[in-house]
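Counting from 1, position 181 in the first sequence corresponds to residue 181 in the numbering used here; the numbering is continuous, with no gaps.
The structure appears right after this line, and notes come after that.
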Amino acid sequence: MVINMRSFTDIEKNRLTKLDRLRERGEDPFPNEVNRTHNIDQAISLLVESQSGFENESDDNIQVVLCGRLKSVRTMGKLAFAHIEDVTGRIQLLLRASEIGKERLKQFATDFDLGDFVEATGYIMETRTGEVTLNVSSFRIISKSISPLPASKEVQDDGESIVYSAFDNVESRYRERYADLAVNPHVREIFKTRSKIVTSLREFLDRRDFLEVETPVLQPIYGGAAARPFSTHHNQLHQDLFLRISFELYLKRLLVGGFEKVYEIGRDFRNEGVSVTHNPEFTQLEFYWAYANYIDVMDLTEQMLSFVAEQVCGSVIVNYQGNKLDFSPPWKRISMSDALIEYADIDCFNSTVGQLLDYCEQADIRKNNDITKGKLIETLFSKHVEPNLIQPTFIYDYPKDISPLAKAKHDNSEIVERFEGFIGGMELCNAFTELNNPVDQENRFIEMGKNYSKDSDDAHPLDLDYLRAMDYGMPPNGGFGMGVDRLVMLLTNQSSIREVILFPHLRSKE
RNA sequence: GGCCCACUAGCUCAAUUGGCAGAGCAGUUGACUCUUAAUCAAUUGGUUCCAGGUUCGAGUCCUGGGUGGGUCACCA
1 MVINMRSFTD
11 IEKNRLTKLD
21 RLRERGEDPF
31 PNEVNRTHNI
41 DQAISLLVES
51 QSGFENESDD
61 NIQVVLCGRL
71 KSVRTMGKLA
81 FAHIEDVTGR
91 IQLLLRASEI
101 GKERLKQFAT
111 DFDLGDFVEA
121 TGYIMETRTG
131 EVTLNVSSFR
141 IISKSISPLP
151 ASKEVQDDGE
161 SIVYSAFDNV
171 ESRYRERYAD
181 LAVNPHVREI
191 FKTRSKIVTS
201 LREFLDRRDF
211 LEVETPVLQP
221 IYGGAAARPF
231 STHHNQLHQD
241 LFLRISFELY
251 LKRLLVGGFE
261 KVYEIGRDFR
271 NEGVSVTHNP
281 EFTQLEFYWA
291 YANYIDVMDL
301 TEQMLSFVAE
311 QVCGSVIVNY
321 QGNKLDFSPP
331 WKRISMSDAL
341 IEYADIDCFN
351 STVGQLLDYC
361 EQADIRKNND
371 ITKGKLIETL
381 FSKHVEPNLI
391 QPTFIYDYPK
401 DISPLAKAKH
411 DNSEIVERFE
421 GFIGGMELCN
431 AFTELNNPVD
441 QENRFIEMGK
451 NYSKDSDDAH
461 PLDLDYLRAM
471 DYGMPPNGGF
481 GMGVDRLVML
491 LTNQSSIREV
501 ILFPHLRSKE
């Protein structure tokens, strides 16, 4: 039983009656088979190759069958022009009463609508204005559109000015992404680019013998990042489960198992606030590299991202929101301590917690309950330094207490070998020399646990199985994690993460 | 979660101080054999996001709610 009755507008009701008319004539508005012989761009290049000109009536006319969505129609009495579009491009159709019959042309004008998918047979020619056109001998509907796509067409204003009426209501576009994609070619381009980016990342890592693996999305214990999880439940096993917040702890188990270079591209889920740079589910790339440390990972990161920029954008210089970002190595490298001195004149590691609190007050930053020195430094960094990091920059050497999975520097137990990459004022990636000492790791987990009250949302469960894996011996290694959506933002010049996610999370309406 | 802004026809947008809800495109009907923003003529289409309130009268003012956008906060 249908709970919500569908309602139709007058336009939709009218189109539904067209369905009946089509069927009465014996035309199936939703046939099971089509007979396409060429893509539109293939058909167009055929004409170019054959050097045919306007109205080539010779016997070697190129017969093709094209399919696509009807995008525009201009009827002119005994002939009509139209455009159809497929994924490769757009081509004009010419329908003439003298060729297809007066009745058939009339049917085209009355029963075909913008948005319908059609199949058209004919030969390729050129019009007097030089446009490559399909001279149609027969055509049919292969899928009828009931609802009108959002009109996106140029219109004339009262005076001379021209107003463009595009489908650009942000909420409508996200809620009906299919309509957005159908009428906005530039939106389709973003997602083609996104696909290229992911392909390019894989190519870079595969070439260097990294093994792509898949680890559990449903996990009995979550970890590897600072985030609250989504929880769910397995009915038969009577087991509570969490959607992963990172891949880290599973990928590092694989190093224990003997793999030396592994990576995973997949979805992470974090139960936190949404923003222009945060979606509850997002695509992450993580890799782990045995016998490497964070400097090696830094080198590989700038190579990887300049490779991807070059592959996808054709240049290592990328325009982003008015800035020309230069991805070419080497990137600027500055320690967190020096960065805070440079941008805020704060000598953080030589300051006391009290002094850092004072700086926070000056900066009008609210204090939270779980104050540690590292957290204060991170807060000051986010406020004073991060927004200034437009060009690709590595910030390295982080406070230990905010980096429980990173190895401490050999000469300073308060600082860990960790770096983050920033571009366009945004945190893009996070990496470290991985902690592989199980005794040290257990102490870090315990130390971390002390900072939280028992029922704190931020409290993380102790992953004993991960410690057990490490007990068997984990090779020294460098690890890396990157928000792929943010990389897509940078390489497609988008300021909102929702523009690079096909179906971004939105609140349900009503 | 706080603050600011937006929500009007299928789409993009108007509506003077609170005074008959409009336009272009799309749709419908008609004319037109090389158009492409086709053109021309006629025409349909409204829970102004929702619920209250003030008023002779509310798209407009007030209160509450919804959704979205921006921003701040939160985010070992």
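In this text, a Cβ means the ideal position worked out from N, Cα and C, and glycines have one as well.
Predicted model, so just to flag it, every value in this text is computed and none were measured.
C-beta atoms of residue i and residue j nearer than 8 Å
i	j	result
LEU356	LEU380	yes
GLU272	ALA225	no
ILE415	PRO399	yes
ILE124	VAL87	no
GLN284	MET489	no
GLY479	GLU434	yes
ALA179	LEU149	yes
ALA408	TYR294	no
TYR291	ASN436	no
ASP268	ILE245	yes
MET511	LEU255	Lying before the first or after the last residue shown, residue 511 is absent from the chain, which here runs from 1 to 510.
ASP296	SER335	no
GLY425	GLU378	no
TYR359	ASN388	no
ARG253	ALA469	yes
The beta strand (DSSP E) enclosing residue i, as first and last residue numbers
i	result
PRO399	393–399
SER413	412–423
ASP338	From DSSP, ASP338 is part of no beta strand (DSSP E) but of the alpha helix (DSSP H) over 336–344.
TYR123	117–126
GLU286	281–290
GLU85	79–86
ASP113	Run containing ASP113: none; DSSP gives neither H nor E here.
ILE11	Taken as a continuous stretch (DSSP letters only), ILE11 belongs to no beta strand (DSSP E), being part of the alpha helix (DSSP H) at 10–24.
ILE141	132–143
GLU427	426–433
CYS67	63–75
Delimiting residues of the alpha helix (DSSP H) encompassing residue i
i	result
HIS234	Taken as a continuous stretch (DSSP letters only), HIS234 belongs to no alpha helix (DSSP H), being part of the beta strand (DSSP E) at 231–234.
ILE100	97–100
ARG207	185–207
HIS384	373–384
MET470	464–471
MET489	484–492
Sequence-distant residues of the same chain with beta carbon closer than 6 Å to residue i, five excluded per side
i	result
GLU85	GLY68, ARG69, LYS71
ARG90	HIS83
SER7	none
GLN156	Bear in mind that a pLDDT of 30 at GLN156, under 50, signals an unreliable position, so the number given afterwards is only what the model happens to contain. Correct list: empty, nothing qualifies.
LYS454	Model confidence at LYS454 stands at a pLDDT of 47, short of 50, so the residue's coordinates are unreliable and nothing is read from them.
MET1	For MET1, the predicted model reports a pLDDT of 36, less than 50, meaning its position is unreliable; a value from the coordinates is still stated below. No residues qualify anywhere along the chain.
LYS332	THR393
ARG74	PHE81
LEU79	ARG96
ASP401	THR372, GLY374
VAL187	ASP180, LEU181
ASP59	Confidence at ASP59 is low in this model, with a pLDDT of 48, below 50, so the placement of that residue should be treated as unreliable; the coordinate-derived value is given next. Taken in chain order, the list of residues that qualify is empty.
Option in the options with minimal Cα separation from residue i
i	options	result
LYS196	PRO475, VAL353, VAL312, GLY77	VAL312
LEU19	PHE445, LEU506, SER143	SER143
PHE81	ILE62, GLY258, LEU114	LEU114
ILE221	LEU467, CYS429, VAL385, VAL132	LEU467
GLU248	GLN236, ARG270, PHE287, ASN279	PHE287
PRO280	HIS505, GLY101, ASP347	HIS505
ASN61	LEU16, LEU105, THR121	THR121
LEU462	MET448, TYR472, GLY473	MET448
SER216	GLU131, GLY258, LEU251, ASP358	The identity of residue 216 in the sequence shown is Pro, whereas the question assumes Ser. The option with the nearest alpha carbon to PRO216 is LEU251.
ASN35	ILE100, GLY26, VAL118, MET76	VAL118
ARG140	ASN350, PRO31, THR129, VAL198	PRO31
Cβ neighbours of residue i in the same chain (closer than 8 Å, five flanking residues each side left out)
i	result
THR232	LEU218, ASP240, LEU241, PHE242, LEU243
ARG202	GLU212, ILE265
ASP41	THR88, GLY89
ARG194	VAL488, THR492, VAL500
LEU16	PHE8, ILE146
HIS278	ARG270, GLU272, ILE497
GLN92	PHE81, ALA82, HIS83, THR127, GLU131, VAL132, THR133, LEU134
HIS38	LEU46, VAL64, VAL65, LEU66
Same chain only: Cβ atoms within 7 Å of residue i, ignoring 5 sequence neighbours per side
i	result
VAL318	ALA309, LEU325, PHE327, LEU490, LEU491
GLU12	ILE146, SER147
ASN493	ASN319, TYR320, GLN321
ASP111	LYS18, ARG21, LEU22
ARG177	LEU502, PHE503
GLU160	Because GLU160 sits at a pLDDT of 34, beneath the cut-off of 50, its placement in the model cannot be relied upon, and the following sentence gives the value as read from the coordinates. Correct list: empty, nothing qualifies.
**Message:** Does the contact criterion of 3 or more C-beta pairs under 8 Å hold for the segment 419–438 versus the segment 385–395?
**Reply:** yes
**Message:** So, does the segment 128–142 touch the segment 90–108, judging by three or more C-beta pairs under 8 Å?
**Reply:** yes
**Asked** Within the chosen definition, does the segment 498–507 reach the segment 321–330 through at least 3 CB pairs nearer than 8 Å?
**Response** no
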